Amino acid sequence: MVGGPLGLSFASYIRSSRSLYKWAKPLANWYANISGYRKMGFVYDDLLLEERPDVQKALSRLTPRESYDRIYRIRRGSQASIVHHDLPKEQWTKPEDDVRYLTPYVSEVHKEDLERSKWDTMQVKRK
Amino acid sequence: MLSTARVASRRISSSNAKKSFATVVEAAGYKVSAVDNGEPTSSVTILAKAGPRYESKTGVAQVLKNFAFKNTSQRSALGLVRETELYGGVLSTSLTREHIAYTADFLRGDESFFVDALASSLTSTRFTRYELEESVIPAVASESTHAISDPANQALEIAHALAFRSGLGSPLFIPVQKSDLTAEDVKSYAESAFAKDNVAILGTGIDQATLQKLVEKYLGSAPATTGNKIAAPIKTTYFGGESRVQHSEHSHGALQTLFIGYGLASAVTPELAILASHLSTVPSVKWSKGVSPLAATLPEGASASVVLLPYSDAALFGLLIQAPTAEKAKEAGKVAYQALKDVAAGNVKKEELAAASAKAKFLATAATESREGLVSAYGPQLISGAASSLLSVADSFSKVDASSFTKATSTLLKSKPTFVAVGDTHHLPYPDEIGL
Numbered sequence: 001m002v003g004g005p006l007g008l009s010f011a012s013y014i015r016s017s018r019s020l021y022k023w024a025k026p027l028a029n030w031y032a033n034i035s036g037y038r039k040m041g042f043v044y045d046d047l048l049l050e051e052r053p054d055v056q057k058a059l060s061r062l063t064p065r066e067s068y069d070r071i072y073r074i075r076r077g078s079q080a081s082i083v084h085h086d087l088p089k090e091q092w093t094k095p096e097d098d099v100r101y102l103t104p105y106v107s108e109v110h111k112e113d114l115e116r117s118k119w120d121t122m123q124v125k126r127k
Numbered sequence: 128m129l130s131t132a133r134v135a136s137r138r139i140s141s142s143n144a145k146k147s148f149a150t151v152v153e154a155a156g157y158k159v160s161a162v163d164n165g166e167p168t169s170s171v172t173i174l175a176k177a178g179p180r181y182e183s184k185t186g187v188a189q190v191l192k193n194f195a196f197k198n199t200s201q202r203s204a205l206g207l208v209r210e211t212e213l214y215g216g217v218l219s220t221s222l223t224r225e226h227i228a229y230t231a232d233f234l235r236g237d238e239s240f241f242v243d244a245l246a247s248s249l250t251s252t253r254f255t256r257y258e259l260e261e262s263v264i265p266a267v268a269s270e271s272t273h274a275i276s277d278p279a280n281q282a283l284e285i286a287h288a289l290a291f292r293s294g295l296g297s298p299l300f301i302p303v304q305k306s307d308l309t310a311e312d313v314k315s316y317a318e319s320a321f322a323k324d325n326v327a328i329l330g331t332g333i334d335q336a337t338l339q340k341l342v343e344k345y346l347g348s349a350p351a352t353t354g355n356k357i358a359a360p361i362k363t364t365y366f367g368g369e370s371r372v373q374h375s376e377h378s379h380g381a382l383q384t385l386f387i388g389y390g391l392a393s394a395v396t397p398e399l400a401i402l403a404s405h406l407s408t409v410p411s412v413k414w415s416k417g418v419s420p421l422a423a424t425l426p427e428g429a430s431a432s433v434v435l436l437p438y439s440d441a442a443l444f445g446l447l448i449q450a451p452t453a454e455k456a457k458e459a460g461k462v463a464y465q466a467l468k469d470v471a472a473g474n475v476k477k478e479e480l481a482a483a484s485a486k487a488k489f490l491a492t493a494a495t496e497s498r499e500g501l502v503s504a505y506g507p508q509l510i511s512g513a514a515s516s517l518l519s520v521a522d523s524f525s526k527v528d529a530s531s532f533t534k535a536t537s538t539l540l541k542s543k544p545t546f547v548a549v550g551d552t553h554h555l556p557y558p559d560e561i562g563l
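Sequence lines, in order, name chains A and B. Each residue of the first sequence is one higher than the one before, starting from 1 at the first, in my numbering. Each residue of the second sequence is one higher than the one before, starting from 128 at the first, in my numbering.
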């Protein structure tokens, strides 16, 4: 996958420019709302591609509480999918609760993987 | 300085002291001392007074020792391992009941990297939760399981708990299943354990000025003493007691073990060291029978060894008896204890006493000849700031004559014994069956 487990992202570039951010943020909010995962009780990081060894490692590093909550959200969303209905409005994820809880762990694992491949492939020259 | 070491007294001679670690300098607030005798490799040890005796929660010292050389804010654990391998060096840690030591052995010329590695391990380890779960706890668990599977170690652990209760009686190997230590616990313990006045940095094979400069460079920006200081140790008291334990479930085919011990609530005395040498079953010539009174009439297959464990303000002396069956262990226990009582009754000839004294003197002096021995002998004094103010070994041992020796032994035997039986508890003897 291009860009590692989190994929390609221009987010940091957009955030670095005040005017670009002001223009892009409302668009991003609209997109996040319209994509509908919040109506099924998910947060964005529940949807990260998890069928990869680095994301699995990151998942193993979640705290027990975070892991429990994630599994609860996935089960609740699965149930909503089975009955072909969105969740009742009270259970929709609020925008302020849509925290990227898994991204720090995934980034750290990705960094470790890159470091390991660097050490594995470096050429050593003794002075 | 292994957790299971049973070493004789570590008193050192003053003439040795002049050649080694005689001067202590301050570098970045740490006490630094180094001696260079022209060895081809160098070694730097960071000794902290942070063993299980001083720990805030049970087991945190052992976990901290296993947290050495993990991710720091400067480099990752993987990077440290790979770079060390490229340089060709050894990083190790050790834990005794009173001290934690981080050691780096390396070729001359690589001091800069290795002192940096030690310094960052000391001050900027990240103590992440996932490292604790993924690598440290399994290492602690395997260490503990492996140690406790040996009934001799198990007996000594129990003996310490009976003899000294808290402080020195705290377990060296914790049963990890019951541990609820978090990374924050370990981090806060590390802050107090590695405070500047709790640590000494010793080097062998490295020039003192070089080491001082390196310490100032890499530890100069460390914060001053932070966090709660480790509480001053409570004065050690010797209690004694009796305990019987079934074998741990990991020890298949292990020997039946008895430990008959006595403790001193003061640092080891020359008389005690001479007693240990007199009874010691380790012969001076390998494979010979030796002259120990203990070895005289032991049943076949049984073994008896003398254990002398010196600490800064206490000592544990005892006989460790092991045999394949409980009956042989009982016989061997009776024989061994009788030999000890004979000594206390004064049945020691002048020549035997002279031989034991010479042996004890040799062991004490030879102990400081290895790097480890030197560090473990001098390190604790450096931390407490006391100069090497010990009597010379020759003086202290030559002052012991037959009467003071007998008196010391009989006083020792008057205190409450520590009796531990590990193995088939239904058939192993009780203290009164041995003669205690």
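We put the CB at the ideal spot given by N, CA and C, even for glycine. This one's a predicted model, so the numbers in the text were calculated from it and none came from an experiment.
Separation of the CB atoms of A155(B) and V342(B) is rounded to 6 Å, and the pair is thereby assigned contact status at 8 Å.
For H405(B), the number of other beta carbons within 10 angstroms of its own is at least 16, and it is reported as buried.
For Q123(A), the three-state secondary structure derived from DSSP is coil.
Rounded to whole angstroms, the gap between the alpha carbons of K362(B) and A394(B) is 12 Å. In this structure, the alpha-carbon of A429(B) lies about 36 Å from that of I264(B). Contact between the stretch 185-200 of chain B and the stretch 365-376 of chain B is absent: fewer than 3 CB-CB pairs across the two stretches fall below 8 Å. For the C-beta of L213(B), the chain A residues within less than 8 Å are, from N- to C-terminus, V124.
Taking every protein chain shown into account, the CB of G215(B) has fewer than 16 other CB atoms within 10 angstroms, so this residue is exposed.
What L205(B) touches in chain A, judged by beta-carbon distance under 9 Å, is E112, E115, R116, W119, going in chain order. Across the set L509(B), G460(B), S523(B), the C-alpha of S523(B) shows the shortest separation from the C-alpha of F489(B).
Less than 9 Å separates the beta-carbon of D45(A) from that of R100(A). According to the DSSP secondary-structure assignment, F444(B) is paired through a beta bridge with Y389(B), L435(B). In this structure, the alpha-carbon of L249(B) lies about 52 Å from that of S81(A). Per DSSP, the continuous alpha helix (DSSP H) segment holding T538(B) begins and ends at 529-541. Per the coordinates, the alpha-carbon of K25(A) lies some 30 Å from the alpha-carbon of R52(A). F241(B) carries a helical assignment under DSSP once its states are collapsed to helix, strand and coil.
In this structure, the beta-carbon distance from T199(B) to R253(B) falls below 9 Å. Close to R224(B), with beta-carbon spacing below 8 Å, lies no residue of chain A; the smallest spacing is near 34 Å. Under the three-state reduction of DSSP output, T211(B) falls in the helix class.
For Y229(B), the closest Cβ of chain A is not nearer than 9 Å.
Of the candidates A481(B), G460(B), A466(B), Q201(B), G460(B) places its Cα closest to the Cα of F546(B). When CB distances to chain A are screened at a threshold of 7 Å, the residues of the stretch 242-260 of chain B falling below it are Y257, in chain order.
Straight across, the Cα-Cα distance linking G506(B) with A403(B) is about 24 Å. Remark: three or more beta-carbon pairs, one from each stretch, lie closer than 8 Å, so the stretch 380-391 of chain B and the stretch 428-443 of chain B are flagged as touching. Within chain A, the residues placing a beta-carbon under 7 Å from that of R209(B) are W119, ordered along the chain.
Inclusion of A228(B) and L174(B) in the CB contact set at 9 Å is warranted, their separation being smaller than that value.
Between L329(B) and L222(B) a beta carbon distance of about 17 Å is seen, past the 8 Å cut, so the two are scored as non-contacting.
Counted as a single uninterrupted DSSP element, the stretch harbouring D232(B) is not any alpha helix (DSSP H) but the beta strand (DSSP E) occupying residues 227-234.
A straight-line Cα-Cα distance of about 12 Å links P397(B) and L435(B). Judged by DSSP in its simplified three-state form, I173(B) adopts strand. Looking at the DSSP output, T199(B) sits in a beta bridge with T252(B). Taking the C-beta atoms as reference points, S60(A) is found no nearer than 9 Å to Y316(B). With fewer than 16 other Cβ atoms inside 10 Å of its own Cβ, T63(A) counts as exposed. If you check the CB distance, S169(B) and L218(B) do not come in under 9 Å.
Only those residues of the stretch 53-66 of chain A whose C-beta falls short of 7 Å from the nearest C-beta of chain B are listed: R61.
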